[in-house]
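Scroll down for the structure; my scribbles are underneath it.
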Amino acid sequence: VTASALRDDLLQRNVHAVAVSQRAGVDFPSLATSASTAAGIVGIQLGSEWLVLLRGQVKRQVAWAGNPREIKRPDQAGHFTPRTNFEPWMEEITGESEPWPEETEELAMEIRAGLLEIIQRRNITLARTNGDLRRFAGTVAHEVKNHLQTGIMALALVGEDSSGSFPPPLLEIASLGRERLEGLSNFVDELLAFSKTDISSSLTVIDLNLIAEEAVRELEISGLSGNARVVISPLPKVWGHETQLRHVIGNLLRNALIHARDGHQVLNIEIGSRPDPDAGVIFVRDDGRGIPTGQREKIFDYFFRGAAENGGSGIGLAFCYQALERMGQRIWVEDVAPRGSAFCFTVRIADTD
2 VTASALRDDL
12 LQRNVHAVAV
22 SQRAGVDFPS
32 LATSASTAAG
42 IVGIQLGSEW
52 LVLLRGQVKR
62 QVAWAGNPRE
72 IKRPDQAGHF
82 TPRTNFEPWM
92 EEITGESEPW
102 PEETEELAME
112 IRAGLLEIIQ
122 RRNITLARTN
132 GDLRRFAGTV
142 AHEVKNHLQT
152 GIMALALVGE
162 DSSGSFPPPL
172 LEIASLGRER
182 LEGLSNFVDE
192 LLAFSKTDIS
202 SSLTVIDLNL
212 IAEEAVRELE
222 ISGLSGNARV
232 VISPLPKVWG
242 HETQLRHVIG
252 NLLRNALIHA
262 RDGHQVLNIE
272 IGSRPDPDAG
282 VIFVRDDGRG
292 IPTGQREKIF
302 DYFFRGAAEN
312 GGSGIGLAFC
322 YQALERMGQR
332 IWVEDVAPRG
342 SAFCFTVRIA
352 DTD
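Take the position in the sequence shown, starting the count at 1, then add 1; the result is the number in the numbering used here.
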């Protein structure tokens with residue numbers, strides 16, 4: 002059984018606050034084949050997540066007055082013989098746990114109330130701390146960008162001089178300096194976005210088609226999608242945090258456009274989905290030069306840059322990993338035959354019925 006399947010069962014049965022059952026396999030289909038370890042369940046709802054206690058089945062024998070599978074008929078005189086017609090018949094009952102104590106539901110409600118109070122206090126403290134950090138990060142980023150823009154503008158004026166006042170070596174250094182400062186400015190922007198990763202808001206149903214289309218438009222406007230074809234295959238509606246998923250898809254697209262290019266060949270990128278036994282899977286797949294095997298374990302690390310000459314801050318993929326992990330999802334990279342790579346991440350599919 003998977004946690005996501007059990008959570009969906011609890012949601013579909015409209016269970017609120019607490020669920021108690023000694024026949025979990027009957028009440029929750031995801032546990033139907035797990036009687037040995039999950040015949041009984043106590044579930045405590047904590048926001049969008051559940052705290053679950055499971056107990057295994059206890060087989061027991063029940064004595065019945067006669068075997069219901071054997072038809073008994075009266076004798077010639079129309080009489081039944083109790084000693085033969087109602088002989089004790091033993092039935093083995095499986096799929097049930099020991100009954101939960103009568104006070105289980107009340108105790109679970111008290112535990113839930115106590116945990117929610119602790120979580121609420123913690124969230125208030127974290128919200129204040131995060132607010133202070135964001136204000137500090139915003140102030141620092143603003144000050145740094147102001148100084149960077151001054152330097153960028155000064156070097157741009159030097160590079161655009163047509164009077165011949167500056168020797169070519171100096172113009173070359175000015176151009177290189179401008180590129181580095183612009184890269185640092187983008188790095189500050191990404192650091193600021195990374196520091197704002199927040200999923201404290203509730204989950205909503207999101208149409209990933211709209212998110213993907215918006216991400217492609219933004220990259221087209223920026224000019225980064227030149228000499229590349231991006232195709233969006235039909236995508237599902239999912240439960241998640243819109244801002245974070247927009248950043249995830251945008252970062253994966255940007256990563257492909259920056260790092261997957263192989264010379265002047267046209268880069269083909271597909272944003273699509275595929276079924277999975279446990280959850281939906283979204284992928285951003287390209288036919289570029291691929292990712293060396295030795296970089297697979299490091300690619301989601303902070304500030305890792307596989308090919309420094311291609312630019313990039315080394316934050317985008319780490320951002321994706323962190324945002325998806327906080328939503329209870331995962332991300333990984335796969336090889337694509339005959340060439341290229343695919344970044345895949347799980348999502349929680351929304352029931353659109």
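Even glycine gets a Cβ: it sits at the ideal position worked out from N, Cα and C.
Around the CB of Thr-347, 16 or more other CB atoms lie within 10 Å, so the residue is classed as buried. Here the region 237 to 251 makes contact with the region 332 to 348; the two share three or more CB pairs at distances below 8 Å. Ranked by how close their Cα comes to the Cα of Ala-114, the residues Ala-319, Leu-47 and Arg-327 have Leu-47 in first place. A Cβ-Cβ contact shorter than 8 Å links Ile-270 with Val-285. Taking 4 residues as the minimum length, the alpha helix (DSSP H) runs contained wholly in the region 229 to 275 are 243 to 260, in order along the chain. By the CB criterion at 8 Å, Val-267 and Arg-275 fall outside the cutoff.
Gln-150 sits in a helix when the DSSP states are folded into three classes. Secondary structure note for Ser-37: its alpha helix (DSSP H) is the uninterrupted segment 36 to 39. Shown here, Phe-344 sits in a strand according to DSSP, grouped into three states. In the three-state reduction of the DSSP assignment, Leu-225 falls in the coil class. The secondary-structure analysis by DSSP pairs Ala-20 across a beta bridge with Gly-44.
Residue environment for Ile-119: exposed (fewer than 16 other C-beta atoms within 10 angstroms of its C-beta). DSSP places Gly-281 inside the beta strand (DSSP E), whose first and last residues are 281 to 287.
In the DSSP assignment, Arg-8 falls within the unbroken alpha helix (DSSP H) covering 4 to 13. Per DSSP, reduced to three states, the secondary structure at Leu-204 is coil, with no helix or strand assignment.
Gln-323 and Leu-253 have their C-alpha atoms spaced approximately 13 Å apart. Ser-22 and Gly-273 have their C-alpha atoms roughly 39 Å apart. Per the DSSP secondary-structure output, Gln-62 pairs in a beta bridge with Glu-93. Cβ atoms of Arg-56 and Gly-41 come within 8 Å of each other, at about 4 Å.
Under the three-state reduction of DSSP, Asp-352 is assigned to coil, being neither helix nor strand. The region 215 to 230 and the region 330 to 346 do not touch, with fewer than 3 CB-CB distances between them shorter than 8 Å.
Per DSSP, the beta-bridge partners of Arg-56 are Gly-41. In this structure, Leu-209 and Val-239 form a Cβ contact; the two beta carbons are roughly 6 Å apart against a cut-off of 8 Å. The C-alpha of Asn-187 is placed about 20 Å away from the C-alpha of Ala-261. Taking a contact to require three or more Cβ pairs closer than 8 Å, the region 124 to 144 and the region 152 to 161 do not qualify as touching. Short of 8 Å from the beta carbon of Gly-251, and not among the five residues preceding or following it, lie these beta carbons of its own chain, in chain order: Ala-216, Glu-219 and Leu-220. For Glu-144 and Glu-180, the gap between their C-alpha atoms comes out near 19 Å.
In the three-state reduction of the DSSP assignment, Asp-133 falls in the helix class, which pools H, G and I.
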